[in-house]
Structures are given as structure tokens and as C-alpha cells.
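Written out below as C-alpha cells is the structure these notes cover.
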Amino acid sequence: MEKAVLQPENKTTTIRSSFFKPAIQKKLNIGSADDSYEVEADNMANNVMRINEPSHQNVTQTGALLQRKCAHCEEEEKLQRKPLAECITPLIQRSSNSESEGNASSHIENQINNSKGGGSNLDNETKSFMENRFGTDFSDVKIHTGSQAVQMSRELNAQAFTVGNAIYFNEGKFNPSSDAGKHLLAHELTHTVQQSGAIGRKIQRDWALVPPRPNAIGAVLNPAKILEAIAFNENILNNIPNSVEMIGLIRDVLGINKLPSVIDEDFVNAVVNWQAVNRMTQDGKLGPATARPLFLEIGAEGAGRCEIDTGPSYSPRGTINVPAGLGARQAFFRLASTFKSDPANKILPSCCEVRQFIRWNAAAAASFAPGVVPHAGFPAAHPVNTWIEDRDDTVNNRYGHRSGTFSDPQSFDQYLDSSGRRNQAFGNVYAGSDSPGGTGMAGQWRFMIKVLDVCNGNTTIGSQDFVNVNW
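Residue 399 in the UniProt record's numbering is what sits at position 399 of the sequence shown, and the numbering runs on without skipping anything.
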């Protein structure tokens, strides 16, 4: 932060409050160009521009200038992947008589005071770019580009200057679509963090659905277990559409800062705490059993819903006429559906679950062996022509359940992610098949497939599809 006098216009200026309390504050101080906060802002801007992916948050600060790195940012990368914002030094305010600082004129001070409450928010694309790299929330930052901002910047010989959460730009200098504009904005955003200290590492949770043990404290995992959980969670979350947004949402619901949207030690510990309050095995892994109550909580908070992309459908559909013959006869059909993933708009594939139902006519019921309707797992007295949830084999397991008593993932009943791997908790693709059959079959079995929004009361979403099997 440099003095306002005789500084070249390719520099930036940050104005900050003096040591004195606001009630008796007479002047705003202008930081010197070579002070540590200005050096830090330049280094942070350089780091932001080096980061290609939001997940790479633990960037080493290098360069020709003096580097400072906070202690917890030097910890092992996988275990302690910290956001850049946590490496920013909060401003230590000084008396206005420091020789390294000048004073803003009363005219500028008055203009700044008059501009409070004005300015505009960062656009969504720029805000997301900066938040994912800094790892903090810039919702409160206000951008000033009007004639007053330009005039004040010119008087200070600056491209831009920052006061609290307000950034004032000289003419044409706010240009986040260019690399130079991004660098300048990142520099000034560093100053907003310095002046506010707003890193926001932890968030207090107010549950929409009170868990079984709301005051439970999670176990402490050793480093090897933490790394194991990080690898597991990355494997299931990094291959789903819009994974960064999904990770951010999960972090928020788990009670930690959604930024940076990465899977790190904080994420694992938050999962452990979630498992503790829900009486689950505490391993830090976000498997189907752990994810199920999480998405019920998301639904109760109004933060998630199911939306179908394709299906649900059968192949073949319509009617299957099984050829007559002696011995065992069998039909075959596939079940399919895909789900949208847009966490920014509260659309979550994990809220979607497939269900298959079956009913049979009187001729079919007459062909069943005594006490078997049509095989083990169904109530013996179930009436004809009445829908009941189907069972996918001879035990009481059912199609499409991601977790719970009725879940039994098999090659004929599974959720997949974008890479085609089984991902029972977060997969956005459902792929199943059924091959009903047996000896002495007669009459008709009718099947129905539909999708439920399990985050919102198991409501049916979209249309259903049907297939008839004539024996």
C-alpha cells in the first residue's frame, strides 16, 4: 500500500483505518507501497493466478519478494490443504503518525463515507473464480467503478484502492475478464481479507432434522486413516457432474466453510462428527449409509431436490410374450434412468432413487406354488392386480435403494457415476435389469418403474414406464 503522493498509476492503494476509535478518527491512513501488507497482496494475487484448479488450494508462496507463510499452511499437503485466505495476515492497525503512511484528504474521506452502502456485488462467475481460489466468501464485497471512484483513484495515483469491504477502481481498471484485471482484483480482495480478518473457518450448525446424538463428539482419526478417508471421498465425489459445487454444498451442510470446495482433513473430520451424531461407524468416509441422512437433512433445509434427466424407462418396453415351452421360461428387460446434477440450483442426483413395482393377474396367481407369491419376499396373501414394490431376488431386497435395509447393490441394480463406476451414494446414472421366470408360469406380470425424490418425502418425480410379461 503506497503513499498517495507521486505514485505511478500502475500501483494500487489501500486505505485503512487509523489506530484511533472511529468516534474520534480524523484521518484515513494510506499504506506505503513497500509495507508487508502490500507485499502480501501482490504475492496472493500471483498465487491466485497460478492456480488452475480450485482443488489446488495449498499453493506455496514464491517470488522475488519476501515470502511469509502461516504455520498451519506448511503442514502436510493432503492432511492440511488450507485456503489461501487463511494465510493472509489480519491488519494490525497503527497510529496515523507512522512515517511510512500518508493521510487521505478530508475530501476523499468524505467521499468514501458518502459511498457506504453503494457499489455492486461481484458477478457470479468472477465471485466463484475468486472464492474457490482464496477459500473464503466475497458476498459482502462491493465494487465501485463510477465517476467518484475514478476521481478518487486519480487523486491517489492508484489503479484501485480498498476500504473495508469496498474496492474503488480507476477508469477501465475493473476488468475481471482479463488476466491483468483478475490479478488486480485478487490483489484488492486480499486487502479486504486483511482489513476484515474474515476467513470464516467454522460455521455453527442448526439442524433441520435433529440427529440421534446431537451433542456427540467425533473420534480422532490417525493420519493414515485420514488419508484413507480423503482418497475414498475423492474417488466417489470427483467423478460426478459439477463435483466442486457438490463438495461445497456438503461441506456447508456438515458445518464447515464451503470454501475451498475440496476434500481435505477438515472435510473428513466433519464427516466423522456427522457419523458420531448419527450413531454410525466413524471412519470419515461418505458412503451410502452416511450419505442417506445427510441428504434427508439437505432436503429438510430446502437445499436439495431430485430432477430427472432421462427416463425412467424399460428396454424393451410394452409387452414381452414369453415363448411357450416345457421347463423353466424366462423374460428379460433393462431398467434405466439418469438424473441431473446442478448443486448451485439445488438439483442433486443423490435425491433421486428408482423403484420397481409389480402386480399379477388371477391367472398368474393360480400358477404360483402354494405360499409363494410369486417368490420368497412377498406377502403370501397379497391380492391380484394390486401394485407392490418388487423384490430383486429371493430375499427381501428391492430395486433402486441406495442404502438401508432394502439395498443390495448388484450388477443388475446399481448407480454409476460419470466414469461408469459404481457409485451408490452419488451416482447420477441408474442401470438395472430383471429376468423373471420359472416353471409352470401362466397369466401376466406387469412391472412399473418410477423415480422418487427421497430428499423431499419420497414424492414421485416425472412419469412412469411399464412392461407386461405374458406367460
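All residues carry an ideal CB built from backbone N, CA and C; glycine is no exception.
- Selection ASN157, ARG133, ALA431 evaluated against ILE108 yields ASN157 as nearest (Cα-Cα).
- Taking C-alpha positions only, LEU122 is separated from VAL141 by approximately 7 Å.
- For TYR37, the enclosing alpha helix (DSSP H) starts and ends at 36-50.
- When the beta-carbon positions are compared, ASN456 and ILE240 stay at least 8 Å from each other.
- A distance below 8 Å between beta-carbons, with the five flanking residues on each side excluded, links ALA291 to the following residues of its chain, in chain order: SER350, ARG402, SER403, ALA425, PHE426.
- Per DSSP, the beta-bridge partners of MET448 are PHE357, PHE466.
- If you keep only unbroken alpha helix (DSSP H) runs of at least 4 residues inside the segment 195-280, you get 223-237, 243-254, 265-277.
- The Cβ atoms of GLY400 and ARG355 lie closer than 8 Å to each other.
- Around the beta-carbon of SER128, 16 or more other beta-carbon atoms lie within 10 Å, marking it buried.
- Beyond the five residues adjoining it in sequence on each side, ILE298 comes within less than 8 Å, by CB distance, of LEU249, VAL253, GLY304, LEU348, CYS351, CYS455 in the same chain, given in chain order.
- In the same chain as PHE138, and ignoring 5 residues on each side of it, the C-beta atoms closer than 7 Å to its own belong to LEU122, LYS127, MET130, GLU131, LEU189, in chain order.
- Going by C-alpha positions, SER36 is about 20 Å away from MET49.
- The Cβ-Cβ distance between ILE308 and GLY438 does not fall below 8 Å.
- Taking 8 Å as the cut-off, the beta carbon of ALA219 is found closer than this to the beta carbon of GLN282.
- The residues ASN423, PHE426, in chain order, have a CB closer than 6 Å to that of ILE236 in the same chain once the five nearest residues on each side in sequence are set aside.
- Excluding five sequence positions before and after GLU301, the CB atoms of its chain that fall closer than 8 Å to its own CB belong to ALA208, VAL253, given in chain order.
- No Cβ-Cβ contact shorter than 8 Å links GLU228 with ILE263.
- Taking 8 Å as the cut-off, the Cβ atoms of ARG359 and ARG251 do not count as close.
- Here THR460 is exposed: its Cβ has fewer than 16 other Cβ atoms, across all protein chains shown, within 10 Å.
- Exclusion of the five residues before and after LYS116 leaves ALA166 as the residues of its chain whose Cβ lies within less than 8 Å of its Cβ.
- Sorting VAL451, THR136, ALA45 by C-alpha distance to the C-alpha of PHE339 places VAL451 at the top.
- Shown here, ALA366 sits in a helix according to DSSP, grouped into three states.
- By the neighbour-count criterion, in which 16 or more other beta carbons inside 10 Å mark a residue as buried, ASN385 falls on the exposed side.
- Beta-bridge pairing by DSSP links ALA324 to no other residue.
- In this structure, the alpha-carbon of PHE378 lies about 52 Å from that of ASN124.
- The DSSP assignment places complete alpha helix (DSSP H) segments of no fewer than 4 residues inside the segment 114-152 at 124-134, in order along the chain.
- Distance between VAL244 and SER261, taken at the CA atoms: about 6 Å.
- Measuring C-alpha to C-alpha distances from GLY119 to each of SER106, PHE134, GLU155, THR145 identifies THR145 as the nearest.
- In this model, SER315 and GLY440 are separated by some 25 Å (Cα to Cα).
- Note that the C-beta distance between HIS183 and ALA45 is below 8 Å.
- ALA160 places its beta carbon less than 8 Å from that of ASN170.
- By the CB criterion at 8 Å, ALA336 and SER435 fall outside the cutoff.
- Looking at the backbone, the Cα of PHE368 and that of ASN345 are separated by about 49 Å.
- For GLN148, same chain residues with a beta-carbon under 6 Å away, outside a window of 5 residues either side, are GLN111 in chain order.
- When DSSP states are grouped into helix, strand and coil, PHE333 belongs to the strand group.
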